[in-house]
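Just below is one structure, and these are the notes that go with it.
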Amino acid sequence: MEKLVIIGTGPAGLTAAVYAARANLAPLVLAGEVPGGQLTQTTEVENYPGFPEGILGFDLMDNMQQQAERFGAKVRNEVVTAVAFTPGGVQRLTLSSGEALEAEAVIIATGARPRKLGIPSETTLWTKGVSSCATCDGAFFRGVPIAVVGGGDSALEEAIFLTRFGSEVFLIHRRDELRGSKIMQERAFKNEKLRIEWNSTIDTILGEDEGHVTGVRLKDTKTGALRDVPCNAVFLAIGHIPNTDVFQGHVEMADGYIVLPDPGRSLTNVAGVFTAGDCADHVYRQAITAAGMGCRAAIDAERYLAERGE
Ligand code: NAP
439 MEKLVIIGTG PAGLTAAVYA ARANLAPLVL AGEVPGGQLT QTTEVENYPG
489 FPEGILGFDL MDNMQQQAER FGAKVRNEVV TAVAFTPGGV QRLTLSSGEA
539 LEAEAVIIAT GARPRKLGIP SETTLWTKGV SSCATCDGAF FRGVPIAVVG
589 GGDSALEEAI FLTRFGSEVF LIHRRDELRG SKIMQERAFK NEKLRIEWNS
639 TIDTILGEDE GHVTGVRLKD TKTGALRDVP CNAVFLAIGH IPNTDVFQGH
689 VEMADGYIVL PDPGRSLTNV AGVFTAGDCA DHVYRQAITA AGMGCRAAID
739 AERYLAERGE
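Residue numbers (the working numbering): 439 to 748.
Next up, the structure:
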């Protein structure tokens, strides 16, 4: 039986792995659907402390994995397909390879994925002007027009934030009223660099031939009319989907996010099952906050195992 299995290799899972490995727990780390997590899907990361020149997302995650392995973490490219949790008992996992695992403790750090539009040009131009993280990528688009898609608080927050960089920011929303809070709406309406394209969806992101975003073709949801608007970046802010389907019914969740009964700690409602990162955090969703959550999950798991005499 494994002492500790960590599910996920984003900043939360790998930071938990570094701490658990240094505590001599020799954690087994399962890489999941996207080894390295969301940061491997972006380019330069400029806001992770310790890298004054920035670092490529892939390199940051590769470094974290090497750091965890150096202390004895075992990383395997496996996806968990089923679980059976017993409060305070043996935690059972089934892997996509069919293998069954048993563990004393589990840390769920499966992250989240940004909801996407589902159009081909979005895939082609991903990281070439299309992004889902204004905090990460906004500064690359100084002095040029920027589009943001969505009408919730995330879209409003990102659009307002991006007015620091863009020559103008336009928010593309599919209805004629916003979903975001009144205070955020007021801030958006007052911002002179921000304009809203109401009743509009993106038909195509333009620039596939050029290899970078050159504009968007918008479709009016009432008339069906198409119009092109030039821009150099498209930020998606249409929500996130936590990667928690496999845990449904096994740990307490709210809107797909794993619930932390004590928000200051990493314990789920099942003793022996801990969680960290975006699968349990719909508010901050940053690499550094996920890493911090991973650290505390490893410390909580270590204490849990120590109390059981492991
Ligand atoms: P959200 O509230 O679910 O809003 C998602 C937005 O994206 C909606 O306006 C929705 O349109 C639109 N949308 C969804 N699918 C779409 C598609 N396929 N094409 C075009 N548009 C699409 O998500 P969120 O903004 O990420 O917020 C999530 C939660 O976090 C909310 O509770 C929010 O209040 C909270 N939050 C709070 C803050 C803050 O307080 N500062 C900041 C960020 C988030 P419709 O409106 O037509 O459905």
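Cβ coordinates follow ideal geometry from the N, Cα and C atoms, glycine included.
Residues of its chain near proline 525, where Cβ-Cβ distance is below 6 Å and the 5 sequence neighbours each way are ignored:
The beta carbon of proline 525 sits closer than 6 Å to the beta carbons of Val708 and Ala709 from its chain, once the five residues preceding and following it are set aside; these are given in chain order.
Is the segment 607-614 close to the segment 582-590, with three or more CB pairs under 8 Å?
The segment 607-614 vs the segment 582-590: in contact.
Pick from Thr682, Gly702 and Leu705: whose alpha carbon is nearest that of glutamate 471?
Checking every option, the nearest Cα to that of glutamate 471 belongs to Thr682.
What are the boundary residues of the alpha helix (DSSP H) that includes leucine 498?
Counting along the chain, the alpha helix (DSSP H) containing leucine 498 begins and ends at 495-508.
Spatially closest choice to aspartate 693 from Ala718, Val667, Arg530 and Ala626, by CA coordinates
Of the residues Ala718, Val667, Arg530 and Ala626, the one whose Cα lies closest to the Cα of aspartate 693 is Ala718.
Suppose the cutoff is 7 Å on Cβ atoms and the five residues either side in sequence are ignored; what does the same chain contact list for asparagine 629 look like?
Counting only Cβ-Cβ distances below 7 Å, and skipping sequence neighbours, we find Ile598 and Thr601.
For the ligand NAP, residues whose Cβ lies under 5 Å from any non-hydrogen atom
Sorted by chain position, residues whose beta-carbon lies closer than 5 Å to a non-hydrogen atom of the ligand NAP are Gly588, Gly589, Gly590, Asp591, Ser592, Glu595, Arg612, Arg613, Arg617, Ile676 and Gly677.
Report yes if the C-beta of asparagine 707 is less than 7 Å from at least one heavy atom of the ligand PLP; otherwise report no.
Judged by which ligands are present, the ligand PLP is missing from the structure shown, whose ligands are the ligand NAP.
N-terminal and C-terminal residue of the beta strand (DSSP E) that alanine 714 is part of:
Note, alanine 714: premise wrong, no beta strand (DSSP E); not H, not E.
Since aspartate 658 is in the beta strand (DSSP E), which residue starts that stretch and which ends it?
Aspartate 658 -> beta strand (DSSP E) spans 653-658.
Flag this pair as touching only if the segment 563-582 and the segment 731-739 have three or more C-beta atom pairs under 8 Å; answer yes or no.
Result no; under three Cβ-Cβ pairs closer than 8 Å.
With DSSP as the reference, label serine 592 as helix, strand or coil.
Serine 592: helix per DSSP, three-state reduction.
Hey, leucine 477 and glycine 495: beta-carbon distance below 8 Å or not?
Cβ atoms of leucine 477 and glycine 495: closer than 8 Å.
Minimum C-alpha distance to methionine 731 - residue among Gly576, Val654 and Thr548:
Checked all of Gly576, Val654 and Thr548; the closest Cα to methionine 731 is Thr548.
C-alpha distance - phenylalanine 579 paired with histidine 650, whole-angstrom precision:
Cα to Cα, phenylalanine 579 sits roughly 12 Å from histidine 650.
C-alpha distance - aspartate 500 paired with leucine 452, whole-angstrom precision:
If you take the alpha carbons of aspartate 500 and leucine 452, they lie about 10 Å apart.
Could you check what DSSP says for alanine 675 in three-state terms: helix, strand or coil?
In this structure, alanine 675 counts as coil in the three-state DSSP scheme.
Length-filtered (3 minimum) beta strand (DSSP E) runs lying within the segment 514-588
Whole beta strand (DSSP E) segments, 3+ residues: 518-522, 529-533, 538-546, 550-552 and 584-587.
Take proline 487 and list the residues in its own chain whose beta-carbon comes closer than 7 Å to its own, dropping the five residues that flank it on each side.
Once the five neighbours on either side are set aside, the close Cβ partners of proline 487 are Ile726.
Reducing DSSP to helix, strand and coil, say where methionine 731 ends up.
When DSSP states are grouped into helix, strand and coil, methionine 731 belongs to the helix group.
Mind checking leucine 664: buried by the 16 CB within 10 Å criterion, or exposed?
Counting of Cβ neighbours within 10 angstroms places leucine 664 among the exposed residues, the total staying below 16.
Can you grab the Cα-Cα spacing for the pair leucine 632 / proline 668, in whole Å?
Cα-Cα distance, rounded: 15 Å.
The beta strand (DSSP E) with leucine 664 in it runs from where to where?
It spans 664-668 - the beta strand (DSSP E) in which leucine 664 sits, taken as one unbroken run.
Closest by CA to glutamate 596, which one among Leu442, Arg508, Ala671 and Val513?
Considering only Leu442, Arg508, Ala671 and Val513, the residue with the shortest C-alpha distance to glutamate 596 is Ala671.
Counting along the chain, where does the alpha helix (DSSP H) carrying arginine 776 start and finish?
The chain is shown only over 439 to 748; residue 776 falls outside these bounds and no answer can be derived.
Name the residue from Arg655, Gly702 and Leu466 whose alpha carbon lies nearest to the alpha carbon of threonine 639.
Looking at the Cα atoms, Arg655 is the closest of the given residues.
Environment of glutamine 686 [buried if 16+ CB atoms lie within 10 Å]
Glutamine 686 should be labelled exposed.
Assuming alanine 541 and glutamate 440 make a contact with CB atoms under 8 Å, what is their CB distance in whole Å?
Confirmed, about 4 Å.
Contacts around proline 699, its chain only, beta-carbon distance under 8 Å, and the 5 residues preceding and following it disregarded:
Hits under 8 Å: Glu690, Leu705, Thr706 and Asn707.
Please state whether the Cβ-Cβ distance between glycine 475 and glycine 446 is less than 8 Å.
Yes, they are a contact pair.
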